[in-house]
Each structure stands twice: as C-alpha cells, then as structure tokens.
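Notes follow the structure.
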Amino acid sequence: MTDTTVKKVSAAFSPKGEMGGGRAELHLAGQQVLLEPGDSWLVPKGVEHRYRILERFTAVEATAPPAQVHGRDDSQH
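What follows is the structure in structure tokens.
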C-alpha cells in the first residue's frame, strides 16, 4: 500500500528567507494541511493532490525524478 501521509516541516524549524510568503491549503488523500511562510512538505509519489491559495503564495517545487508535465522540463524551453 502506498504511503499517503503528508510530511510537513513547520516554519518554526526552517530557515527564514527575505521574500516572505503567503498561505495555502494542501489537500491530499483526505487530509488538509495549512501551509504558511517557511513551511516545507513532502507529497508522496503518485498521490493526487491540490492546493487552495489563501494569500499570494510563493513556493519552490522539487521532484525526484524530475516532473515531465506538459513538456515544461524540455531543454528547448
């Protein structure tokens, strides 16, 4: 069975950047997690998820292996 548990690192324990951020909700496998500036999270491989943006929100996404969505990772872009 695939692990669908959200793993989140609270902003209280993460380094702070100068760009600030906003808030969003992560909805994943029947769970809802509030994401705030400085939070980090892991979405398990193959699990459907969506975000609800509550305030202007900046995020950095890293995937392994690299995402292959709509050709956005093609070297021609």
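Take the numbering used here: the last position of the sequence shown gets the number 538, and nothing is skipped along the way. A virtual CB, placed ideally from N, CA and C, is assigned to each residue, including glycine. Predicted model, so just to flag it, every value in this text is computed and none were measured.
(request) Just tell me which of 491, 468, 505 and 518 has its CA closest to the CA of residue 498. (result) What you label residue 498 is simply residue 37 of the sequence shown in a count that begins at 1. Proximity to residue 498 across 491, 468, 505 and 518 peaks at 518, based on C-alpha coordinates.
(message) In the DSSP assignment, the beta strand (DSSP E) including residue 501 goes from what residue to what residue?
(response) Taking the sequence shown and counting its residues from 1, the one referred to as residue 501 is at position 40. Residues 501-503.
(message) Is it buried or exposed, residue 485, if we count other Cβ atoms within 10 angstroms and call 16 or more buried?
(response) By 1-based counting over the sequence shown, the position of residue 485 is 24. Classification of residue 485: buried, given that the 10 Å Cβ count is 16 or more.
(request) Quick one: grab the DSSP three-state call for residue 490. (result) Position 29 of the sequence shown, counting from 1, holds the residue named residue 490. Of the three classes helix, strand and coil, the one that applies to residue 490 here is coil, per DSSP.
(request) Taking all protein chains shown into account, decide if residue 500 is buried (16 or more other Cβ within 10 angstroms of its Cβ) or exposed. (result) Counted from its first residue, the sequence shown places residue 500 at position 39. So residue 500 ends up on the buried side.
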